[in-house]
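Numbering-wise, the numbering used here comes out as the position in the sequence shown, counting from 1, plus 435.
Note that CB positions come from ideal geometry on N, CA and C, so glycine has one too.
These numbers come from a predicted model, not from an experiment.
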Amino acid sequence: MDFTVSDEQREIRAAVADLCAHYPDAYWRGLDKRGEYPDAFVQALTEAGWLGALIPEEYGGAGLGISDAAIVLEEINHSGGNATTAHAQMYIMGTLLRHGSDEQKQRYLPAIASGKLRLQAFGVTEPNSGSDTTRLETKAERRGDHYLINGQKVFISRAQHTDMMLLLARTADYDEAHKTRGLSVFLVDLKGAVSSGQLTIRPLDMMINHHTTQLFIQGLEVPVENLIGEEGAGFGYILNGMNAERILVASEALGDGRWFVERAARYSGDRVVFGRPIGANQGIQFPIAQAHARLEAADLLRFKAAWLFDQNRECGAEANMAKLLASQASWEAANACMDAHGGYGFAAEFDVERKFRETRLLMTAPISNNLVLTYVGQHVLGMPRSY
Ligand SMILES: Cc1cc2nc3c(=O)[nH]c(=O)nc-3n(C[C@H](O)[C@H](O)[C@H](O)COP(=O)(O)OP(=O)(O)OC[C@H]3O[C@@H](n4cnc5c(N)ncnc54)[C@H](O)[C@@H]3O)c2cc1C
436 MDFTVSDEQR EIRAAVADLC AHYPDAYWRG LDKRGEYPDA FVQALTEAGW LGALIPEEYG
496 GAGLGISDAA IVLEEINHSG GNATTAHAQM YIMGTLLRHG SDEQKQRYLP AIASGKLRLQ
556 AFGVTEPNSG SDTTRLETKA ERRGDHYLIN GQKVFISRAQ HTDMMLLLAR TADYDEAHKT
616 RGLSVFLVDL KGAVSSGQLT IRPLDMMINH HTTQLFIQGL EVPVENLIGE EGAGFGYILN
676 GMNAERILVA SEALGDGRWF VERAARYSGD RVVFGRPIGA NQGIQFPIAQ AHARLEAADL
736 LRFKAAWLFD QNRECGAEAN MAKLLASQAS WEAANACMDA HGGYGFAAEF DVERKFRETR
796 LLMTAPISNN LVLTYVGQHV LGMPRSY
């Protein structure tokens, strides 16, 4: 067994850290306060090639593996930033890469890699279906050379900051015997859809600065050539991308967790109360040390999942468990950091409360930890299906 980090991975981490140093806490704090999108940061990330990390070199991307992409996102969150503002492009693109036609790949991937085109929105969740994706109701009906789409989506992030959206819609009625059939994936020109009045975006007021919206789709016409893969097979395509998503989200949680532990250790070493640093008290020190240990354990599982993924081996169990453990470890670190900061943890200028809110999301979205546990129970342990 070899746990050595390669020179290349060390260089990736250092390069991303250098880039992030230009976007310090005050940058993210200001965006959070004003509810703004990190346009400058996303632009810089794209220009440096990091958002195209997983796009193969033949399409103008960096052709890196998921282990490398994981380091990129981890380091962004470790720096105090928030990679969820831009991460979707990395894993949504995989659906296009694996299931798109040659023509679609030639048309979109180089433009995404160069930053000419943003593919940052993923339209799955609906008000009536929630976690039960197979129950989604947005309908796409074939009408000659296009599909006519009607429906509603909720919690769709970055819809106002992207050119394209990957949309999951129903092309056949729900069939209890074949629940996962009848769903299809479309590439939607979101800006065009909005300007033609066929789609309305309504921002949602959320706990974090996540640019999350509700979509009302009214007679949206999507050309047949924008269907990805086969009609009706879309659920499987989305599932294929889930392992990448889980590994990347786990990495963001690990980055957050390391930020919390470092801040907590530093602050509790400096802050003197009752004549000694608060970090000398076990009530402050142990939770920070415990969170660090849990992060290290989750990190190993994350890299195991990433390694399996990069070897094209089955990694569903590891990817899911890495997301579960990393998000829990980060939440534990967030609470230890909050406790160590006392009242200052609640002051925006310390950034702890912002990161605290941001990392909490990773236990709920893009998939809630309960649903991860149902996966482990059913698919890893062979227990009865609970949903
Ligand atoms: C900030 C934010 C950004 C998001 N961005 C996107 C996006 O870009 N695109 C997108 O498509 N979606 C997005 N989502 C949606 C997110 O993926 C869903 O919120 C999440 O999958 C849960 O769905 P729900 O909110 O409808 O919860 P529900 O499905 O209503 O579940 C509520 C609770 O019940 C639990 N539960 C449900 N069924 C079971 C069961 N069988 N066993 C145990 N527990 C169960 C769930 O785990 C959860 O804790 C986002 C959400 C948030 C908050």
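Nearest neighbour of Ser686 by Cα position, chosen from Ile723, Asp503, Val620, turns out to be Asp503.
The beta carbon of Leu736 is closer than 7 Å to those of Glu753, Met756, Ala757, Leu760 in its chain, skipping five residues each way along the sequence. With 16 or more other CB atoms across the displayed protein chains lying within 10 angstroms of its CB, Val787 is buried. For Pro722, the enclosing alpha helix (DSSP H) starts and ends at 717 to 745. In this structure Arg553 is not in contact with Asp624, their Cβ atoms being roughly 12 Å apart against a cut-off of 8 Å. Annotation: the continuous alpha helix (DSSP H) that includes Val477 extends over 474 to 482.
DSSP places Ala488 in the coil class of the three-state scheme, outside both helix and strand. When C-alpha distances from Gly777 are compared across Gly714, Cys750, Asp745, the shortest belongs to Gly714. Taking a contact to require three or more Cβ pairs closer than 8 Å, the segment 664 to 672 and the segment 487 to 498 do not qualify as touching. In this structure, Val620 sits near Thr530, with a CB-CB distance shorter than 8 Å. At least one heavy atom of ligand 1 lies closer than 7 Å to the C-beta of Asn805.
Counting C-beta pairs with one atom in each stretch, the segment 635 to 650 and the segment 665 to 679 have fewer than three that are closer than 8 Å, which means they do not touch. Ranked by Cα distance from Gly470, the first of Ala604, Asp453, Pro638, Trp766 is Pro638. Between Arg748 and Ala612, the alpha-carbon positions lie close to 29 Å from each other. If you draw a straight line from the Cα of Ala546 to the Cα of Ala607, it comes to about 32 Å. Collapsing the DSSP output to three states places Asp624 in a strand. At a cut-off of 7 Å, the beta-carbon of Tyr822 counts as near ligand 1: some heavy atom of the ligand is closer than that. By alpha-carbon distance to Ala726, the top candidate from Phe744, His581, Asn770, Asp537 is Asn770. Around the C-beta of Tyr672, 16 or more other C-beta atoms lie within 10 Å, and the residue is accordingly described as buried. When only Cα atoms are considered, Ser821 and Thr809 end up about 7 Å apart.
Here Thr799 is exposed: its Cβ has fewer than 16 other Cβ atoms, across all protein chains shown, within 10 Å.
Secondary structure of Asn585 (DSSP, three-state): strand. Under the DSSP assignment, Met600 falls outside any alpha helix (DSSP H), being part of the beta strand (DSSP E) whose first and last residues are 599 to 605.
Taking the Cβ of Leu796 as the reference point, at least one heavy atom of ligand 1 falls within a distance shorter than 7 Å. DSSP places Lys574 in the strand class (E or B) of the three-state scheme. At least one heavy atom of ligand 1 lies less than 7 Å from the C-beta of Ile802. Of the residues Arg789, His814, Met818, the one whose Cα lies closest to the Cα of Trp463 is Arg789. For Leu601 and His581, the gap between their C-alpha atoms comes out near 16 Å.
Exposed is the label assigned to Asp705, since fewer than 16 other Cβ atoms lie within 10 Å of its Cβ. Taking the CA atoms as reference points, Arg570 sits about 44 Å from Ala775.
The Cβ atoms of Ile643 and Ala594 lie no closer than 8 Å to each other. As for any alpha helix (DSSP H) of minimum length 4 sitting wholly inside the segment 662 to 718, the runs are 669 to 705, ordered along the chain.
Per DSSP, reduced to three states, the secondary structure at Ile652 is strand. Its chain contains Ala497 as the residues whose beta carbon lies nearer than 7 Å to that of Gly484, once the 5 sequence neighbours on both sides are disregarded; these appear in chain order. In chain order, Gly515, Asp786 place their CB closer than 7 Å to the CB of Asp460, counting only its own chain and leaving out the 5 sequence neighbours on each side. Residues of the same chain with a CB within less than 7 Å of the CB of Pro658, apart from the 5 flanking positions on each side, are Asp580, His581 in chain order.
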